[in-house]
Amino acid sequence: MKTIRLRDGKERSLLRRHPWIFDGAIASGSADAGETVRVEGYAGQFLGWAAFSPSSKIRARVWSFDETQRIDASFFIARIAQAIKARSLFDIQSDGRRLIHGESDGLPGLVVDRYADTLVAQFSSCGTERWKDVIVQALLAQTGLTRLYERSDASVRALEGLPEATGWLAGSGDTSITIAEHDWKLSLDVAEGHKTGFYLDQRDSRQKFASTTRRLQFERVLNCFCYTGGFSVAALAGGARHVTSIDSSAPALARAQANVALNGFDASRSTLLDADVNASLRQYQKEGRTFDAIVLDPPKFAPTIKHAERAARAYKDINRLALSILEPGGVLFTYSCSGGISGDLFHKIVASAGTDAGIDAFITERMGGAPDHPMTVAFPEGEYLKGLVLVKRPAG
Ligand code: SAH
1364 MKTIRLRDGK ERSLLRRHPW IFDGAIASGS ADAGETVRVE GYAGQFLGWA AFSPSSKIRA
1424 RVWSFDETQR IDASFFIARI AQAIKARSLF DIQSDGRRLI HGESDGLPGL VVDRYADTLV
1484 AQFSSCGTER WKDVIVQALL AQTGLTRLYE RSDASVRALE GLPEATGWLA GSGDTSITIA
1544 EHDWKLSLDV AEGHKTGFYL DQRDSRQKFA STTRRLQFER VLNCFCYTGG FSVAALAGGA
1604 RHVTSIDSSA PALARAQANV ALNGFDASRS TLLDADVNAS LRQYQKEGRT FDAIVLDPPK
1664 FAPTIKHAER AARAYKDINR LALSILEPGG VLFTYSCSGG ISGDLFHKIV ASAGTDAGID
1724 AFITERMGGA PDHPMTVAFP EGEYLKGLVL VKRPAG
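Right under this line is the structure:
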């Protein structure tokens, strides 16, 4: 067993059970890609068992803080069982759900989603890459499923020195799948879609949007950054008369259109626009066109804190525009999935967007990712998705 020793003082985050060890924290020791190493503090005390990543800035990720734990097949079988069992803590109204959420489930570098009868896995660290076969077998055995598609094409693979890898690891067949979420159905493609195919993390927000639409009887809804139309279908299910959905991806829009039809909604209730959201919002403002409800769910503007300032301006811009074209009494559901923007900062950005738009709004709710994307005490980075629900106050 190889050992890596940390510099003096660098053991602190591990003692708080944070699993990342950065290259600069290591005084000595090295290992092969994905190899399990014993991590010791400067004085030689045991800190954890970790997977080594020779070329990543995150040089090692801790599997276990328990000195008696062996990192072997049974370790992965047990961790996967724990993660799947933990899902029973949560109310998940869908057959699409995240089964393993990386660090938050004690499996750094592993994401596994289940879409109906199909599993989709992303291996984004040397450690999970090395244990891939064991992990795949354990997932199939514990879910009783036979299809598992790999989506290891996230850009973080390059930071680990790993090539992209996609395709069936078990089973085969159509990569287009339909899930049943809340009162509606949504189709997605595990090979072509973003991430593992779909944004499961917005499940609870889609339901809230449907129920708010129903309660407040919104007529004209605008879904910005609609992707495959999850919020659009939610709005139509909530009784919206008409939904305009905007995205800059043609395949996403085609899927959104299919999803409107899949749920039996008349196509006349839906307009899909292949356009830039910022430009569209400006155009609506110029035309004096307004909406009763707006969703703003943009891509990650700030992956890390380094990008926060420019991202803050971009968030503020779209929120200012959206608030200005919202009817008084109308509702804005606005999100940031940027790890580099904290919940408090996002709140401030949206507040100052309101000030700039010359409006006031009730902030009726703070939203987060659906609970199958858990946050833990030890790993604050797990909180990436934050949302606010605002009701625009009448002018005056
Ligand atoms: N709300 C969606 C997920 C949104 S993901 C859901 O619930 O499933 C973000 C989307 O923004 C992607 O589909 C991407 O194609 C789109 N996008 C990125 N930049 C854009 C831009 N400038 N204008 C319009 N769409 C954009």
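In my numbering, the protein residues as written are 1364 to 1759. Quick reminder that beta carbons are idealized off the backbone N, C-alpha and C, glycines included.
Every residue whose beta carbon comes nearer than 5 angstroms to a heavy atom of ligand 1 appears here in chain order: Tyr-1562, Gln-1565, Phe-1588, Tyr-1590, Gly-1593, Asp-1610, Ser-1611, Ser-1612, Ala-1615, Asp-1639, Val-1640, Asp-1660 and Pro-1662. If you draw a 10 Å sphere on the C-beta of Arg-1578, you find fewer than 16 other C-beta atoms in it, and that means exposed. The beta-carbon separation of Ala-1543 and Ser-1457, rounded to 7 angstroms, stays under the 8 angstroms limit for a contact.
With respect to Lys-1749, Gly-1706 sits close: the two C-beta atoms are nearer than 8 angstroms. Of the candidates Lys-1495, Gly-1459, Gly-1601 and Leu-1636, Leu-1636 places its Cα closest to the Cα of Arg-1618.
Straight through space, the alpha carbons of Glu-1728 and Lys-1373 are spaced by roughly 39 angstroms. If you look at Lys-1711, you'll find it in the alpha helix (DSSP H) that goes 1706-1720. Using a Cβ distance threshold of 8 angstroms, His-1736 and His-1464 count as a contacting pair.
Looking at the DSSP output, Cys-1587 shares a beta bridge with Ile-1609 and Leu-1659. In this structure, Val-1596 keeps its C-beta atom at 8 angstroms or more from the C-beta atom of Val-1640. In this model, Asn-1586 and Ile-1688 are separated by some 13 angstroms (Cα to Cα). Note that the region 1690-1700 does not touch the region 1415-1423; fewer than 3 beta-carbon pairs, one per stretch, sit closer than 8 angstroms.
Secondary structure of Ser-1487 (DSSP, three-state): coil. It is roughly 7 angstroms from the alpha-carbon of Glu-1744 to the alpha-carbon of Gly-1702. Pairing Trp-1412 with Arg-1514, the inter-Cα distance amounts to about 27 angstroms.
The beta-carbon distance between Glu-1398 and Lys-1365, rounded to whole angstroms, is 7 angstroms. This is short enough to meet the 8 angstroms contact definition. Taking every protein chain shown into account, the CB of Tyr-1647 has 16 or more other CB atoms within 10 angstroms, so this residue is buried.
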